[in-house]
Structures are given as C-alpha cells and as structure tokens.
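A short worksheet on the structure shown next.
Residue numbers (UniProt numbering): 1 to 84.
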C-alpha cells in the first residue's frame, strides 16, 4: 500500500483544501475542486492510504467542511491516517 501525504499546514478554506488534495494526489488541472469531484477521484485510487498532517487547525476553523471531508473518506472507502 502506498501512502499519499497531504499536509494541511496553512490551509484556511475549502479552496486551499482542494488544492492540497489536487497536489498530493497529482490530479489533472481539470479536477473540479469540489466535494463530488474529490469523492470520485478517491474512489478511483488504487491501494493507497492518505496520511493527513496538520489537520487540526483546519478542522477547528472549518468544522463543517472537515466533517464533510471525513464523510467523503469513509464513503470512498479510502484508508486515512490523521497524523498528530
């Protein structure tokens, strides 16, 4: 299983979150940068685990958005490790 590290340090909004996922997952420029598009690309990932670093400030600042992100991880059945 390959780990993909997504570092949320300095991310303050949904646009920044989507940019970090696009960068970390090496998504094409046409990635929609919305919840549905993220769900679709996560479902297509092969045997990968996502490691999310520095997630707590974002989760605290944007709890509703963070909850949606967690639901998407679960729905897409992608293993996620929330690094401390």
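Virtual Cβ for every residue (Gly too), placed ideally from N, Cα, C. Just so we're clear, the structure is a prediction, and the values are computed from it rather than from any experiment.
Under the three-state reduction of DSSP output, residue 77 falls in the coil class, being neither helix nor strand. Residue 77 and residue 1 do not touch by the CB rule: their CB atoms are close to 13 angstroms apart, not below 8 angstroms. Comparing alpha carbon positions, the residue from 46, 19, 74 closest to residue 3 is 46. The continuous beta strand (DSSP E) containing residue 52 extends over residues 48–53.
Taking a 10 Å sphere around the C-beta of residue 69, we find 16 or more other C-beta atoms and assign the residue as buried.
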